[in-house]
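Trainee:
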Amino acid sequence: MGQHHKPNHSSAPAKPGSEAKIRLDKWLWAARFYKTRSIAKDMIEGGKVHYEGHRVKASKEVTVGAQIRLRQGFDEKTVIVTALCERRGNATAAASLYEETPDSIEKRELAAAQRKSISAATPGSANRPNKKQRRQIIQFRHQQSE
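According to the numbering used here, the sequence shown is numbered sequentially starting from 1.
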């Protein structure tokens with residue numbers, strides 16, 4: 001009766017100019033930006049991912065040459081899509097799917113250096129505050145908010 005069509009599940013990335021259609025959430029997962037597709041979808045819906053400078057839905061089709069800006073933890077990355085793949089491969093295969101812009105690399109390194117200098121300047125405590133110290137902290141914060 002009906003013929004079943006199997007989608008192309010090759011692990012090799014699609015080359016520029018090919019007509020592969022891949023959802024944004026699936027591409028972000030395959031490129032190893034997020035651990036699961038549902039996390040990628042949540043990030044897209046939360047406005048943490050911008051495709052060509054615009055907020056989009058997780059079902060947006062990715063094209064080669066597109067610019068994607070995304071947040072990962074403290075870092076914000078801007079990448080250019082160089083290939084399409086709907087299967088999650090190893091890290092080297094994932095890195096071949098995109099190219100980070102030089103401006104993005106520079107901003108990330110600067111932000112990391114700032115975070116490192118701030119954490120080095122902040123005195124660390126050897127142990128947790130005791131009950132009296134916690135009460136003093138709470139009282140101090142309460143006075144600051146008034």
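The beta-carbon is built from N, C-alpha and C at its ideal position, and this holds for glycine as well.
(1) Run through DSSP, which three-state label would Thr92 get?
(2) Who pairs with Lys77 in a beta bridge, going by DSSP?
(3) Looking only at its own chain, which residues have a Cβ that is under 6 Å from the Cβ of Thr101, when we skip the five neighbours before and after it?
(4) Compare the C-alpha of Asn90 against each of Gln133, Lys35, Ile22 and name the closest.
(5) Considering only C-alpha positions, which residue in the set Cys85, Arg108, Glu106, Glu109 is nearest to Tyr98?
(6) Smallest Cα separation from Ala66: which of Ala58, Glu76, Tyr51, Gly46?
(7) Identify, in the order they occur along the chain, each residue of the same chain with its Cβ nearer than 7 Å to the Cβ of Gly73, setting aside the five sequence neighbours on each side.
(8) Label Phe33 either buried or exposed according to how many other C-beta atoms from any shown protein chain fall within 10 Å of its C-beta, with 16 as the threshold for buried.
Mentor: From the atom records:
(1) helix
(2) Leu70
(3) Excluding positions up to five away in sequence, the list reads Thr78.
(4) Lys35
(5) Closest by alpha carbon: Cys85.
(6) Tyr51
(7) none
(8) buried
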